[in-house]
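S.K.: Can you keep this structure in mind? I'll have questions shortly.
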Amino acid sequence: MSESATAARAPGSRKRTDTASRRTDRAPGQRSLAASPGTWLVWAGIAAFFIFLFGILISVFVDSVGKSWFTTWLPLEYTTDWYGESWERFELAHVIGVTLIVSFSVVAISILIGVPASYVLARRDFPFKRVVTALFLLPVLIPPITFGIPLATVMYNFGLGRSLIAVILVNLVPSVPFVIITMTPFIEQINPTIENAARMCGAGMRHVFVRILGPLLVPGILAAAILVLVRTVGMFELTFLVSGPGSDTLVVAIYRAMTSAGGAEPRPLVSSMAVMYTVMMLVILIIALRFVNPTQLVARVRDSDDD
Amino acid sequence: MSATLEKPADTAAKRSTASLSHRLAERGIDARLWMLLPALVFIVALFIYPFAYGIGLTVQPLDRTVDAWGGGIFANYVQFFNDPFIFDSIWLTMRLALPAALFNVLVSIPLAFKLRGKFRGKRLMSTLLVLPITLGTVLTAQGLLIFAGRQGWLNRFLLDMNLIDQPLQLVNNYLGVMFSLIISGFPFAFLLVSSYLSGIDPSLEAAAKTLGANWRQRFIRVTLPLLAPGLATTFILTFVLAFSVFPSARLVGDPGGSTRVMALMAYRAFGEQQNYSMASTIAIVMGVVELLVIAIVLLGRSFLYKGSTGGKG
Numbered sequence: 068m069s070e071s072a073t074a075a076r077a078p079g080s081r082k083r084t085d086t087a088s089r090r091t092d093r094a095p096g097q098r099s100l101a102a103s104p105g106t107w108l109v110w111a112g113i114a115a116f117f118i119f120l121f122g123i124l125i126s127v128f129v130d131s132v133g134k135s136w137f138t139t140w141l142p143l144e145y146t147t148d149w150y151g152e153s154w155e156r157f158e159l160a161h162v163i164g165v166t167l168i169v170s171f172s173v174v175a176i177s178i179l180i181g182v183p184a185s186y187v188l189a190r191r192d193f194p195f196k197r198v199v200t201a202l203f204l205l206p207v208l209i210p211p212i213t214f215g216i217p218l219a220t221v222m223y224n225f226g227l228g229r230s231l232i233a234v235i236l237v238n239l240v241p242s243v244p245f246v247i248i249t250m251t252p253f254i255e256q257i258n259p260t261i262e263n264a265a266r267m268c269g270a271g272m273r274h275v276f277v278r279i280l281g282p283l284l285v286p287g288i289l290a291a292a293i294l295v296l297v298r299t300v301g302m303f304e305l306t307f308l309v310s311g312p313g314s315d316t317l318v319v320a321i322y323r324a325m326t327s328a329g330g331a332e333p334r335p336l337v338s339s340m341a342v343m344y345t346v347m348m349l350v351i352l353i354i355a356l357r358f359v360n361p362t363q364l365v366a367r368v369r370d371s372d373d374d
Numbered sequence: 035m036s037a038t039l040e041k042p043a044d045t046a047a048k049r050s051t052a053s054l055s056h057r058l059a060e061r062g063i064d065a066r067l068w069m070l071l072p073a074l075v076f077i078v079a080l081f082i083y084p085f086a087y088g089i090g091l092t093v094q095p096l097d098r099t100v101d102a103w104g105g106g107i108f109a110n111y112v113q114f115f116n117d118p119f120i121f122d123s124i125w126l127t128m129r130l131a132l133p134a135a136l137f138n139v140l141v142s143i144p145l146a147f148k149l150r151g152k153f154r155g156k157r158l159m160s161t162l163l164v165l166p167i168t169l170g171t172v173l174t175a176q177g178l179l180i181f182a183g184r185q186g187w188l189n190r191f192l193l194d195m196n197l198i199d200q201p202l203q204l205v206n207n208y209l210g211v212m213f214s215l216i217i218s219g220f221p222f223a224f225l226l227v228s229s230y231l232s233g234i235d236p237s238l239e240a241a242a243k244t245l246g247a248n249w250r251q252r253f254i255r256v257t258l259p260l261l262a263p264g265l266a267t268t269f270i271l272t273f274v275l276a277f278s279v280f281p282s283a284r285l286v287g288d289p290g291g292s293t294r295v296m297a298l299m300a301y302r303a304f305g306e307q308q309n310y311s312m313a314s315t316i317a318i319v320m321g322v323v324e325l326l327v328i329a330i331v332l333l334g335r336s337f338l339y340k341g342s343t344g345g346k347g
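As you go down the protein sequences, you meet chains S and P in turn.
Just add 67 to wherever you are in the first sequence, counting from 1, and you've got this note's numbering.
Just add 34 to wherever you are in the second sequence, counting from 1, and you've got this note's numbering.
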């Protein structure tokens, strides 16, 4: 908890970073070599956070390749058997397939529904606009369990319980509003005179969308898609409420393994699944971050001069 | 709003058509509003309808609830507010979510300030900070159980350094859930605060500096008021995340006692007792409590400056 102490003081050393960000106006010699106490505290806090983070990551990994790890620093023997065993036992090929199908369908559908709606919200003024906006905001603000439980009850009533469709539908509920909320400011910042100019030159609605707005929207759509993808792969609460054997995503499968009746599964089995989950997430993210920078949705001013 | 800029061109295009559509278009209703339709249909079918249905369910209690608690159709609510095992979960949830959200936001401020400039490894660090978001609560829980458990590296290290003589109990209690909330919520808060901060025009601070303000004055009088609406938004979003903790409360917490959060109680009623009406009741009360907190924060936020410059939320 050393981080909390830094809250009060760190701005003290802002002068340094402040000038460093704009090299041109830094007076010679203004940047001192010794860091201030504030700086040290900030870095100590970051270090504490990363120690926890990497401690968690590495211990899960070591656990997943170790055997008889009880009272020593490291396991006594190493093995990769846990991976094969959990792959077989929990039918992970199927589970990962389900996870990917669910995530990509959710991304595609929520973009298709969300982007046109956010275009209208960004560009137009119409009666009850505030009501509509509030409606789209609610599913993001209300805790997932609150609408998840009635929604799951409805799904079971319609006989959709434990099916893949139910999992996809349930995950759409927070995703569509999420796309709308992130895309609306992004579309607002695109200068409407560009569209007007295109229309003056005789472009129809379809042309404006395909030739003018489309290319301008691509970075925003990609960023929103990645955020939705990551959220859906990691979404536990909603999926858990409606999924069952055969439609479990990976997170839910891990949770079920950790809490299965009659004592949890051996810990390394769960750890090996957790490692596979992390690897899957990282692969998605690394691919994604090569193409987009998710912060570009929010940070619009002077994004160019830092990094 | 940009819509006002665009309207003349729009109505001009419609002038040749029938007068009704023209008059509607002048009020902002024209063919392009159809693009809103899929989203509206979606939200009504998958959000409004189930929600209304859930509220309806809360007043159709099971017979066993009515027998045990009385109160006719409001038996679920009677039980909720009179059964300490359920009612206390409101307080237990707040006790976790509020400190966690506050901590995440407050600690993000100095860090975001410190790291807003250019420095070596900045890209690496922001990538590393995205990492916990991808871990998810279930995995964080598994990691915490191993890393911070009685035999874990953390306790082992502290024991070997002679800092403690008993292993610390860091998981399966309140602390464990708190750690998991910070690990998953903090990077999110940090990324949001940094992006709000990067939206504040640095020339404002430069102007304050020129006028002789020291860092404290610049922070309190210039930057903080501009950043405050963004901070309120960040607080709301991290609070929402922390408020609906459920897997971590079950896995690294003490699900029968100090981390018996509302989400967990709702799930128990739903999945274990098959009492859908009680589950809906807990879920709806949970939503109401959360919206109350958000409303208070938003009310406070409405007094803050929301001009064109600055990290508005």
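Even for Gly, the Cβ is constructed at its ideal location relative to N, Cα and C.
In this text, all values refer to a predicted model and were calculated from it rather than measured experimentally.
Taking the straight line between their C-alpha atoms, what separation do you get for Ser-229(P) and Phe-304(P)?
M.R.: Here residue 229(P) refers to the residue found at position 195 when the second sequence is read from its first residue. Here residue 304(P) refers to the residue found at position 270 when the second sequence is read from its first residue. Taking the straight line joining both Cα atoms gives about 39 Å.
S.K.: From Met-272(S) to Leu-208(S), what distance separates their C-alpha atoms?
M.R.: Numbered from 1 along the first sequence, position 205 holds the residue referred to as residue 272(S). Numbered from 1 along the first sequence, position 141 holds the residue referred to as residue 208(S). Cα to Cα, the separation comes out at about 34 Å.
S.K.: Which residues in chain S sit within 8 Å of Thr-161(P), going by Cβ to Cβ distance?
M.R.: On the second sequence, residue 161(P) is found 127 positions in, with the first residue counted as 1. Result: Leu-356.
S.K.: Please state whether DSSP places Glu-144(S) in a helix, a strand or coil.
M.R.: Reading the first sequence from its first residue, position 77 is the one you call residue 144(S). It is a strand residue.
S.K.: Can you give the Cα-Cα distance for Ser-53(P) and Glu-239(P), rounded to whole angstroms?
M.R.: Stepping through the second sequence from its first residue, residue 53(P) is reached at position 19. Stepping through the second sequence from its first residue, residue 239(P) is reached at position 205. Their backbone Cα atoms lie some 54 Å apart in a straight line.
S.K.: 8 Å is my cut-off, CB to CB: does Gly-186(P) come that close to chain S?
M.R.: In the second sequence, counting from the first residue as 1, residue 186(P) sits at position 152. Judged by the 8 Å Cβ criterion, Gly-186(P) is in contact with chain S.
S.K.: Using the beta-carbon count (16 or more within 10 Å), is Ile-328(P) buried or exposed?
M.R.: Sequence index remark: in the second sequence, residue 328(P) carries index 294 (1-based). The residue is buried, with at least 16 neighbouring Cβ atoms inside 10 Å.
S.K.: Indicate whether at least one CB of chain S lies closer than 8 Å to the CB of Ala-297(P).
M.R.: Walking along the second sequence from the start, residue 297(P) turns up at place 263. Taking Cβ atoms only, chain S reaches closer than 8 Å to Ala-297(P), which makes this a yes.
S.K.: What does the Cβ neighbour count give for Tyr-322(S), buried or exposed, with the cut at 16 atoms within 10 Å?
M.R.: For this step, residue 322(S) is matched to residue 255 along the first sequence. Tyr-322(S) should be labelled buried.
S.K.: Taking only three categories from DSSP, how would you classify Gly-291(P)?
M.R.: In the second sequence, residue 291(P) corresponds to position 257, counting from 1. It is coil, neither helix nor strand.
S.K.: Starting from Val-187(S), trace the alpha helix (DSSP H) in both directions and tell me its first and last residue.
M.R.: If you number the first sequence from 1, residue 187(S) lands on position 120. Counting along the chain, the alpha helix (DSSP H) containing Val-187(S) begins and ends at 159 to 190.
S.K.: To be precise: take each residue of the segment 127 to 145 of chain S, compare its Cβ to all Cβ atoms of chain B, and keep it if any distance is under 7 Å. Which residues remain?
M.R.: Structure shown: chain B not included; protein chains present are S and P.
S.K.: I want to verify the contact list: residues of chain P whose CB lies under 9 Å from the CB of Val-338(S), in sequence order.
M.R.: If you number the first sequence from 1, residue 338(S) lands on position 271. The sequence shown places Ser at residue 338(S), rather than the Val named in the question. Going along chain P in sequence order, the residues near Ser-338(S) (Cβ under 9 Å) are Gln-176, Gly-177 and Ile-180.
S.K.: Could you tell me whether the Cβ of Val-240(S) comes closer than 8 Å to any Cβ of chain P?
M.R.: Along the first sequence, one-based indexing puts residue 240(S) at 173. Yes, contact with chain P.
S.K.: Is Leu-239(S) closer than 8 Å to Leu-80(P) when the C-beta atoms are compared?
M.R.: As a position in the second sequence, residue 80(P) is number 46, starting the count at 1. As a position in the first sequence, residue 239(S) is number 172, starting the count at 1. Yes.
S.K.: Going along the chain, which residues of the segment 196 to 211 of chain S sit with their C-beta nearer than 9 Å to a C-beta in chain P?
M.R.: For the segment 196 to 211 of chain S, which is checked against every Cβ of chain P, the residues closer than 9 Å are Lys-196, Val-199, Leu-202, Phe-203, Leu-205, Pro-206, Val-207, Leu-208, Ile-209, Pro-210 and Pro-211.
S.K.: Buried or exposed for Arg-154(P), please, with buried defined as at least 16 other CB atoms from any protein chain shown within 10 angstroms of its CB.
M.R.: Taking the second sequence and counting its residues from 1, one reaches residue 154(P) at position 120. When all chains shown are included, Arg-154(P) counts as exposed.
S.K.: The alpha helix (DSSP H) that contains Met-201(P), what's its start and end?
M.R.: Indexing the second sequence from 1 puts residue 201(P) at position 167. According to the sequence as given, residue 201(P) is Pro; it is not Met. Pro-201(P) -> no alpha helix (DSSP H), and no H or E assigned at all.
S.K.: Which residues bound the alpha helix (DSSP H) around Met-320(P)?
M.R.: Position 286 of the second sequence, counted from the first residue, corresponds to residue 320(P). Counting along the chain, the alpha helix (DSSP H) containing Met-320(P) begins and ends at 310 to 335.
S.K.: Alpha carbon to alpha carbon, what distance is there between Ala-86(P) and Val-319(S)?
M.R.: Within the first sequence, numbered from 1, the residue matching residue 319(S) stands at position 252. Within the second sequence, numbered from 1, the residue matching residue 86(P) stands at position 52. Spanning the two alpha carbons is a distance of roughly 27 Å.
S.K.: Skipping 5 residues on each side, what residues in its chain have a beta carbon closer than 6 Å to that of Ser-312(P)?
M.R.: Against the second sequence, residue 312(P) aligns to sequence position 278. The question names Ser, but residue 312(P) is Met in the sequence shown. Excluding positions up to five away in sequence, the list reads Asn-110 and Ala-303.
S.K.: Looking at C-beta atoms only, is the number of pairs between the segment 156 to 175 of chain P and the segment 217 to 225 of chain P that lie closer than 8 Å three or more?
M.R.: Yes: the two stretches touch, three or more of their Cβ pairs being nearer than 8 Å.
S.K.: According to DSSP, is Lys-243(P) helix, strand or coil?
M.R.: Numbered from 1 along the second sequence, position 209 holds the residue referred to as residue 243(P). If DSSP states are grouped into helix, strand and coil, Lys-243(P) belongs with the helices.
S.K.: Beta-carbon of Met-348(S) versus every beta-carbon of chain P: anything under 8 Å?
M.R.: As a working note, residue 348(S) is residue 281 in the first sequence. Closer than 8 Å to some Cβ of chain P, the Cβ of Met-348(S) qualifies, so yes.
S.K.: Should Trp-125(P) go down as buried or exposed, given a rule of 16 or more other Cβ atoms within 10 Å for buried?
M.R.: Along the second sequence, read from residue 1 onward, the residue named residue 125(P) stands at position 91. Trp-125(P) should be labelled exposed.
S.K.: Taking the alpha carbon of Leu-108(S) as the point to measure from, which residue in Pro-72(P), Leu-74(P) and Pro-144(P) has its own alpha carbon closest?
M.R.: One-based indexing of the first sequence puts residue 108(S) at position 41. Nearest C-alpha to Leu-108(S): Pro-144(P).
S.K.: Please list the partners that Met-325(S) has in chain P, where partner means a Cβ-to-Cβ separation under 8 Å.
M.R.: As a working note, residue 325(S) is residue 258 in the first sequence. Residues of chain P passing the Cβ test: Val-172, Ala-175, Gln-176 and Leu-285.
S.K.: Applying the criterion that 16 or more other CB atoms from any shown protein chain within 10 Å of the CB defines a buried residue, is Asn-189(P) buried or exposed?
M.R.: Counted from its first residue, the second sequence places residue 189(P) at position 155. The residue in question, Asn-189(P), is buried, as its Cβ has 16 or more Cβ neighbours within 10 Å.
S.K.: If you run the structure through DSSP and keep just helix, strand and coil, what is Lys-148(P)?
M.R.: Looking up residue 148(P) in the second sequence gives position 114. Correct three-state label for Lys-148(P): helix.
S.K.: Could you name the residues that DSSP lists as bridge partners for Lys-134(S)?
M.R.: In the first sequence, residue 134(S) corresponds to position 67, counting from 1. According to DSSP, Lys-134(S) bridges with Glu-144(S).
S.K.: I think Ile-89(P) touches Ile-316(P), with their Cβ atoms under 8 Å apart; what is that distance to the nearest whole Å?
M.R.: Along the second sequence, read from residue 1 onward, the residue named residue 89(P) stands at position 55. Along the second sequence, read from residue 1 onward, the residue named residue 316(P) stands at position 282. Ile-89(P) to Ile-316(P), Cβ: 13 Å. No contact.
S.K.: For Leu-236(S), go through chain P and note every residue whose CB falls closer than 8 Å to its CB, in chain order.
M.R.: Within the first sequence, the letter at position 169 stands for residue 236(S). Result: Leu-80.
S.K.: Note down, in chain order, each residue of its chain lying with its Cβ closer than 8 Å to the Cβ of Val-256(P), except the 5 sequence neighbours on either side.
M.R.: As a position in the second sequence, residue 256(P) is number 222, starting the count at 1. Within the same chain, Val-256(P) has close Cβ partners Leu-238, Glu-239, Ala-242 and Ala-247.
S.K.: So, does the CB of Phe-220(P) fall closer than 8 Å to a CB anywhere in chain S?
M.R.: Position 186 of the second sequence, counted from the first residue, corresponds to residue 220(P). Yes, Phe-220(P) counts as interfacial toward chain S.
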